[in-house]
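Asker: Protein chains in written order, with this note's numbering: chain X, 35 to 146; chain S, 224 to 335. Beta carbons: idealized from backbone N, C-alpha and C, even for Gly. Computed from a predicted model, the values in this text were never measured in an experiment. Okay, here's the structure, questions in a sec.
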Amino acid sequence: EPEVTQTPSHQVTQMGQEVILRCVPISNHLYFYWYRQILGQKVEFLVSFYNNEISEKSEIFDDQFSVERPDGSNFTLKIRSTKLEDSAMYFCASLRDRDGYTFGSGTRLTVV
Amino acid sequence: GQNIDQPTEMTATEGAIVQINCTYQTSGFNGLFWYQQHAGEAPTFLSYNVLDGLEEKGRFSSFLSRSKGYSYLLLKELQMKDSASYLCAVREPTGGGNKLTFGTGTQLKVEL
């Protein structure tokens with residue numbers, strides 16, 4: 035069964051550093067998403083991406099965040115200057131049309 | 224505003240049936256999803272309802288009433304491996320991104 039692949043599985047970074055989280059969505063999917071889940075809390079929407087541009091973003095997705103699809107396969111989330119409160123599990127997801135979104139296994143980001 | 228409510232925790236016995244309820248109030252509606260999430264892992268797709276009624280898929284069934292803003296997930300013949308968090312999520316057709324908005328999840332514990 036096709037999978038969404040995320041790397042790295044775990045990243046530790048110092049406060050103020052930039053991080054890039056990487057995702058390879060399912061190849062024939064058209065919509066791409068980033069969600070995050072702070073430990074013990076609910077899954078929160080960050081941003082959706084369609085047709086090579088952001089289609090929607092949440093209030094969490096401020097100027098410190100950016101997304102790119104640099105080639106036909108990768109989809110990245112960059113956090114420019116990490117804060118302690120950015121520590122969370124970050125999930126990439128992709129969607130072809132109406133059915134279930136497929137989530138990647140996540141990147142656990144720890145900001146120290 | 225958006226509000227998706229689920230019970231925080233439930234406990235059930237192996238072999239039994241459990242029903243997990245979800246009520247929602249969202250600015251738009253374009254389908255309701257149920258996901259299973261084991262601790263530290265990605266959400267995995269269980270079911271999708273966009274029309275009123277019952278959808279059955281093996282041991283799992285999901286029901287939707289759009290007029291009542293209500294859904295439930297029914298798990299039959301419970302197994303120990305069904306111990307997990309069950310997430311109710313609503314798709315809203317806002318901003319072109321078809322984002323999912325998640326409830327806080329129901330932590331199900333299956334006991335012998």
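1. List the DSSP bridge partners of residue 49 of chain X.
2. Which of the residues in the segment 257 to 285 of chain S, read from start to end, lie with their CB under 9 Å from any CB of chain X?
3. Taking DSSP's pairing of strands, which residues face residue 129 of chain X in a bridge?
4. Is it buried or exposed, residue 46 of chain X, if we count other Cβ atoms within 10 angstroms and call 16 or more buried?
5. Could you pull the start and end residues of the beta strand (DSSP E) that residue 142 of chain X belongs to?
6. To the nearest angstrom, report how far apart residue 243 of chain S and residue 299 of chain S are at their CA atoms.
7. Where residue 97 of chain X and residue 90 of chain X are concerned, what is the direct C-alpha to C-alpha distance, given to the nearest angstrom?
8. Indicate whether at least one CB of chain X lies closer than 8 Å to the CB of residue 328 of chain S.
9. In whole angstroms, give me the CA-to-CA distance for residue 140 of chain X and residue 309 of chain S.
10. Taking three-plus beta-carbon pairs below 8 Å as touching, is the segment 104 to 119 of chain X in contact with the segment 224 to 241 of chain S?
11. Where does residue 299 of chain S sit, in a helix, a strand or coil, going by DSSP?
12. Our contact map puts residue 53 of chain X next to residue 113 of chain X with C-beta atoms below 8 Å; I'd like the distance itself, whole angstroms only.
13. When you compare the CB of residue 119 of chain X with every CB in chain S, is at least one pair closer than 8 Å?
14. Checking contacts by CB at 8 Å: is residue 322 of chain S closer than that to chain X?
15. Between which two residues does the beta strand (DSSP E) containing residue 78 of chain X stretch?
16. Just to confirm, is the Cβ distance from residue 71 of chain X to residue 127 of chain X under 8 Å?
17. Since I believe residue 49 of chain X is in contact with residue 116 of chain X (beta carbons under 8 Å), could you give me their beta-carbon distance rounded to a whole number of angstroms?
18. Spell out whether any CB of chain X is found under 8 Å from the CB atom of residue 255 of chain S.
19. Hey, quick one: how far does the beta strand (DSSP E) through residue 255 of chain S stretch, first residue to last?
20. Specify, as a first and last residue, the run of the beta strand (DSSP E) that residue 332 of chain S falls within.
Answerer: On the basis of the supplied data:
1. In DSSP, residue 49 of chain X forms no bridge with anything.
2. 258, 260, 263, 264, 265, 266, 267, 268, 269, 270, 271 and 273
3. X/65
4. exposed
5. 141 to 145
6. 12 Å
7. 14 Å
8. yes
9. 17 Å
10. no
11. coil
12. 5 Å
13. no
14. yes
15. 77 to 84
16. no
17. 6 Å
18. no
19. 255 to 260
20. 329 to 334
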